[in-house]
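FYI, the numbering for the sequence shown is 2 to 400, going by my numbering.
Structure first, then comments.
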Amino acid sequence: MLVTGRTATVAPATAAAPPINSAARRVFPVRLWWMTTTFTGLPAPFPQCASREGAVLHSPPCRPTTIAVACVTPSSRCVARWQSRLSRPRARTDTKGPDGCSRYSPQWAPDRHLARAVRPLLRPWAVAVLAPATRGDPMSRRDEGRLAGKVACITGAGSGLGRAMALRFAEEGATIAAQDLRWETADETVKLLDGDGHRAFGGDVSDEGDMVSMFAQIHGAWGRLDVQVNNAGVSRLPGDGFEEMMAGEGSQITLMGYAAFSKMMAIHAGGTFLCTREAVKLMGEGGSVVTLSSIAGLSGWGPVHYSSAKGAVLGFTRAASKELGGRGIRINAIAPGVIDTPMTADVDEAMLAPLVMMTPLGRQGTAEEVADTALFLASSESSFITGQWISPNGGLITI
Ligand SMILES: NC(=O)c1ccc[n+]([C@@H]2O[C@H](COP(=O)([O-])OP(=O)(O)OC[C@H]3O[C@@H](n4cnc5c(N)ncnc54)[C@H](O)[C@@H]3O)[C@@H](O)[C@H]2O)c1
């Protein structure tokens, strides 16, 4: 962006595009590229490099040397892509990549017929020779995962579900902004993550100043954000009448102070609003927001402040999906059942046991199971899902 006086002019996208690398084209002509990928049955290691009309071969990452190496002795990056794609079913209907290149163009139908014959010979070789070459290479994993190249912010990442999500997302190639009320716990999470470049942030999600400042730092560090998970939360607060209820003084609603009720709303609904508002400013055109509700918000099982706050998160998710859909930003909620985390470890066994007994799968869920749900919603695997909730609850709630 060029800033002149008080007016800002956005430079045309073409000006920022990497120049066509004619040297690369000489080293590895596009037709040869296509034939190679077609004959092996393996997608182009750098699909963004190959255009059907042969126009685009650019850097990064397509430096001539990279292409030559990929052609003769495949680089570890390229091998990792092949290795991962070999283990997944090929999407035969996916004729265009994000770069607009057609991988299975009818123009190359003769190549495909020949490829069908050659493929069975080459694939076992590729699996046997190429796969072991990248085993244990963390860099290749970061290039390959379902969130490769994405920046993800997770609130409440110093414990339980947030930490499990941070670990899972980093495994899938994301760079993590781990946030927690206690910075030290977020930092502990960062130290456990695969790869470099992750950062820990402190602050209270219900404090507007804290959150505006954190997202400004995220902007400063990475210039953008692709995934936002609004996970931070509590299930109890001082003054919410829980202790008194347990002592038999009456129902919790009559014993709950308004301050505790408001604070619960501020953390869950307010924090979700503040973080989403700031996050989508950094998302440009496209991104995924995941909010944490609960079966308490779906069914009313839980104290009134917690159930109200989690219900509000669902309402927010639905309304925001309608506003943000036009920008390609999806927002979905997870409404977990009883999950084994420090939050539930605090809960009295007498309260937890009946819930577990009523769960058809007969156990509590694990943080990793919820993290997998979050990964699905954060990744492009859920690209046509927005404004919805999904409930990993072992069958406890079926609505
Ligand atoms: N564990 C469950 O069974 C369960 C079920 C349904 C929903 N949830 C929801 O999932 C989310 C994560 O729960 P968990 O089980 O991992 O709990 P947890 O207590 O293990 O982790 C919550 C984290 O959020 C942080 N946090 C709390 N208040 C904060 C604030 N104001 N600002 C920033 N960070 C704050 C805490 O420090 C903690 O690290 C919560 O929103 C919770 O309500 C949990």
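Quick reminder that beta carbons are idealized off the backbone N, C-alpha and C, glycines included.
Ignore the nearest five residues each way along the sequence and tell me which others in residue 204's own chain have a CB closer than 6 Å to its CB. If we look at residue 204 and ignore the five residues flanking it on each side, its Cβ neighbours are 211 and 215.
Endpoints, beta strand (DSSP E) assigned at residue 331: Note, residue 331: beta strand (DSSP E), 330 to 335.
Contact between the region 383 to 396 and the region 241 to 248 (3+ Cβ pairs under 8 Å): Fewer than three beta-carbon pairs drawn from the region 383 to 396 and the region 241 to 248 are found closer than 8 Å, and the two stretches are therefore not classed as touching.
Between residue 215 and ligand 1, is there a pair consisting of the residue's CB and a ligand heavy atom that are separated by less than 7 Å? Checking the Cβ of residue 215 against ligand 1 gives no.
Taking the straight line between their C-alpha atoms, what separation do you get for residue 383 and residue 186? Rounded to the nearest whole angstrom, the CA to CA distance from residue 383 to residue 186 is 30 Å.
Rounding to the nearest angstrom, what Cα-Cα distance links residue 194 and residue 247 in this structure? Distance between the alpha carbons of residue 194 and residue 247 is about 40 Å.
Between which residues of its own chain and residue 235 is the CB-CB distance below 7 Å, once the five residues before and five after are set aside? 268, listed in sequence order.
Please determine whether the Cβ atom of residue 232 lies at a distance below 7 Å from any heavy atom of ligand 1. With a cut-off of 7 Å, the C-beta of residue 232 is classified as near ligand 1, since at least one heavy atom of the ligand falls inside that distance.
Entirely within the region 253 to 312 and at least 3 residues each: give me those beta strand (DSSP E) ranges in chain order. Within the region 253 to 312, the complete beta strand (DSSP E) runs of at least 3 residues are 288 to 293.
Report the partner residues of residue 390 according to the DSSP bridge assignment. 334.
Between 174, 372, 182 and 184, which lies nearest to residue 291 when the distance is taken from Cα to Cα? Cα-wise, what sits closest to residue 291 is 372.
Return yes when at least one heavy atom of ligand 1 lies under 7 Å from the C-beta of residue 316, else no. Short note on residue 316: C-beta not closer than 7 Å to any heavy atom of ligand 1.
Going by Cα to Cα distance, which pick from 398, 366 and 379 is closest to residue 174? Of 398, 366 and 379, the residue nearest in Cα terms is 379.
Among 354, 329 and 346, the one whose alpha carbon lies nearest that of residue 287: Nearest of 354, 329 and 346 to residue 287, Cα basis: 329.
Can you give the Cα-Cα distance for residue 196 and residue 153, rounded to whole angstroms? C-alpha separation (whole angstroms): 14 Å.
Specify, as a first and last residue, the run of the beta strand (DSSP E) that residue 176 falls within. From DSSP, the beta strand (DSSP E) with residue 176 extends over 176 to 180.
DSSP bridge partner residues for residue 152 (one or two, in chain order): Its beta-bridge partners are 176.
Please determine whether the Cβ atom of residue 344 lies at a distance below 7 Å from any heavy atom of ligand 1. Checking the Cβ of residue 344 against ligand 1 gives yes.
Let me check you understand the geometry: is the CB of residue 340 closer than 7 Å to at least one non-hydrogen atom of ligand 1? Yes, Cβ of residue 340 sits closer than 7 Å to a heavy atom of ligand 1.
Going by DSSP, what residues sit across from residue 202 in a beta bridge? Within the DSSP secondary-structure output, residue 202 pairs in a beta bridge with 180.
Determine whether the beta carbon atoms of residue 367 and residue 341 lie at a separation below 8 Å. Taking 8 Å as the cut-off, the beta carbon of residue 367 is found closer than this to the beta carbon of residue 341.
What beta strand (DSSP E) runs, 3 residues minimum, are completely inside the region 217 to 248? Uninterrupted beta strand (DSSP E) stretches at least 3 residues long and entirely within the region 217 to 248 occur at 228 to 231, given in chain order.
Please check the pair residue 311 and residue 388, which I expect to be a contact at CB under 8 Å, by giving their CB distance rounded to whole angstroms. Separation of the CB atoms of residue 311 and residue 388 is rounded to 16 Å, and the pair is thereby denied contact status at 8 Å.
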